[in-house]
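So for the sequence shown, the working numbering puts the first residue at -18; every next one is plus one. Think of the CB as a built atom: it goes at the ideal place given N, C-alpha and C, for glycine as much as any other residue.
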Amino acid sequence: MSDTKQPKSAVQSLDRAFALLNIVAAAPEGITLGALAQHAGLAPSTTHRLLGALEGHGMVEFDAQASAWQIGLGAFRIGAGFLQRRDFIAAARAPMRRLMQEAGETVNLAILNQHRVVFIAQIECEEVMRMAVKIGSVGPLHASAVGKAILAHMPQEHIDQAVSQLSFPLLTEKTLTKPTSYLKELEKVRQSGFALDDEEQSLGLRCIAAPVFNEFAEPICALSISGPTVRVTPGRTADLAALVQHAANRVTEKLGGKIPK
């Protein structure tokens, strides 16, 4: 093999390994070798070889009982390094706790990654019936309040690109499944300053979110409250949205961010 081909081969293997890592990360319950190979469009033998390399670095783990590959501790450490750099969680912790106490509902902190929502922190409320997600779990961009809150405040070209790549799967009878409807919803979010998931992801669950901004007035994450529709009622939306926006603005200030005018 020539010297010119070696770097190309190495880069291709690296690209494939990262693709596998992203697929595994999107499967919280784990994913089998066959399904992983199919998703990645690779031969099972190639997939297994790359997984072995990733496993050696702690990026993935194999659950023998479930015969499934899962994200590893090494990937978590890398993600934790990113969070420490931005200090999202430390800045958000106190405002999140206060918001939970004021709203009486579970509070979430989430970011966007490749057109998906990733939950990075949560403070659960004390109610018996409450929402709970695993830290690091992912959610749909088109049907989540945090996703709308972040995307709505991005540049229009970024919004258009993201929307063009979404498949808009139907999750409930209230899910927005048309790009035109979703774009109108994002405009409403821009005008009001908060986003609503009105049973669009799960029936019986309503969420309200607001964005957090960096020093360039760019959205970097979002805070939300989530609760059953019997408590998070339409009549409480305005008051709860104000609480969420206040908490998100407080995080923006603590990060040295700038709220756009």
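For ALA223, the nearest candidate out of LEU236, GLY237 and ALA176 (CA to CA): What you label residue 223 is simply residue 242 of the sequence shown in a count that begins at 1. Among LEU236, GLY237 and ALA176, the Cα nearest to that of ALA223 belongs to ALA176.
SER183 and ALA126 - do their beta-carbons sit closer together than 8 Å? By one-based count along the sequence shown, residue 126 stands at place 145. By one-based count along the sequence shown, residue 183 stands at place 202. No, the Cβ-Cβ distance between ALA126 and SER183 is not below 8 Å.
For ASP(-16), which residues from the same chain have a beta carbon less than 6 Å from its beta carbon, with the 5 sequence-adjacent residues on both sides left out? In the sequence shown, counting from the first residue as 1, residue -16 sits at position 3. At ASP(-16) the pLDDT is 44, less than 50, meaning the model places this residue with poor confidence and gives no usable figure here.
Assuming ILE240 contacts PHE194 under a Cβ cut-off of 8 Å, what Cβ separation, rounded to an integer in Å, is found between them? Taking the sequence shown and counting its residues from 1, the one referred to as residue 240 is at position 259. Taking the sequence shown and counting its residues from 1, the one referred to as residue 194 is at position 213. About 6 Å separates the two Cβ atoms, so the contact holds.
Give a yes or no on contact between the region 87 to 105 and the region 168 to 175, applying the rule of three or more CB pairs nearer than 8 Å. no
Residue closest to LEU54, alpha-carbon to alpha-carbon, out of LEU2, GLY185 and ALA229: Locating residue 54 in the sequence shown gives position 73, where the first residue counts as 1. If we check each option's Cα against that of LEU54, LEU2 comes out closest.
Quick one: Cα of THR214 to Cα of GLU107, how far? Here residue 214 refers to the residue found at position 233 of the sequence shown. Here residue 107 refers to the residue found at position 126 of the sequence shown. About 18 Å.
According to DSSP, simplified to helix, strand and coil, what is GLY60? By one-based count along the sequence shown, residue 60 stands at place 79. If DSSP states are grouped into helix, strand and coil, GLY60 belongs with the helices.
Presumed contact (8 Å Cβ cut-off) between GLY11 and ALA34, rounded CB distance: Numbered from 1 along the sequence shown, position 30 holds the residue referred to as residue 11. Numbered from 1 along the sequence shown, position 53 holds the residue referred to as residue 34. So it is not a contact: roughly 19 Å between Cβ atoms.
Alpha carbons only, please: which of ALA21, ALA7, LEU14 and ALA45 is nearest the one belonging to ASP(-4)? To locate residue -4, count along the sequence shown from 1; it is residue 15. Among ALA21, ALA7, LEU14 and ALA45, the Cα nearest to that of ASP(-4) belongs to ALA21.
Classification of ALA229 by the beta-carbon crowding that lies within 10 angstroms, buried from 16 upward: Translated into positions along the sequence shown, residue 229 becomes position 248. When all chains shown are included, ALA229 counts as buried.
Should LEU151 and HIS123 be called a contact, given that it needs their Cβ atoms to be closer than 8 Å? The residue labelled residue 151 in the question sits at position 170 within the sequence shown. The residue labelled residue 123 in the question sits at position 142 within the sequence shown. Against a cut-off of 8 Å, the Cβ pair of HIS123 and LEU151 comes out as no contact.
Unbroken beta strand (DSSP E) run spanning THR87, endpoints: Here residue 87 refers to the residue found at position 106 when the sequence shown is read from its first residue. 87 to 94 is the extent of the beta strand (DSSP E) around THR87.
Per DSSP, ARG187 forms a beta bridge with which residues? For the purposes of this step, residue 187 is identified with residue 206 of the sequence shown, where counting begins at 1. Paired residue(s): ASP179 and GLY208.
Does GLY238 pass the burial test, meaning 16 or more other C-beta atoms within 10 Å, or should it be called exposed? The count along the sequence shown starts at 1 and reaches residue 238 at position 257. Flag for GLY238 reads buried.
Any idea which residues DSSP pairs GLN103 with across the strands? As a first step, residue 103 is located in the sequence shown; it is residue number 122 there, counting from the start. DSSP lists ASN89 as the beta-bridge partner residues of GLN103.
In angstroms, rounded to a whole number, what distance separates the CA positions of LEU17 and THR153? Within the sequence shown, the letter at position 36 stands for residue 17. Within the sequence shown, the letter at position 172 stands for residue 153. Distance between the alpha carbons of LEU17 and THR153: 27 Å.
Between the C-alpha atoms of ALA235 and PRO76, what's the straight-line distance to the nearest angstrom? Taking the first residue of the sequence shown as position 1, residue 235 is located at position 254. Taking the first residue of the sequence shown as position 1, residue 76 is located at position 95. This sequence places Lys at residue 235; Ala is not what is there. C-alpha separation (whole angstroms): 10 Å.
Quick check: GLU86 and GLY208, are their CB atoms within less than 8 Å of each other? Position 105 of the sequence shown, counting from 1, holds the residue named residue 86. Position 227 of the sequence shown, counting from 1, holds the residue named residue 208. Remark: C-beta atoms of GLU86 and GLY208 approach each other more closely than 8 Å.
Could you check which residue in ILE52, ALA(-2) and ARG111 has the C-alpha nearest to that of THR27? On the sequence shown, residue 27 is found 46 positions in, with the first residue counted as 1. Selected option, being the one with the closest Cα: ALA(-2).
In its own chain, which residues sit with a C-beta less than 8 Å from the C-beta of GLN95, not counting the 5 before and 5 after it? Translated into the one-based positions of the sequence shown, residue 95 becomes position 114. Around GLN95: ASN3.
Would DSSP call VAL98 helix, strand or coil? For this step, residue 98 is matched to residue 117 along the sequence shown. Correct three-state label for VAL98: strand.
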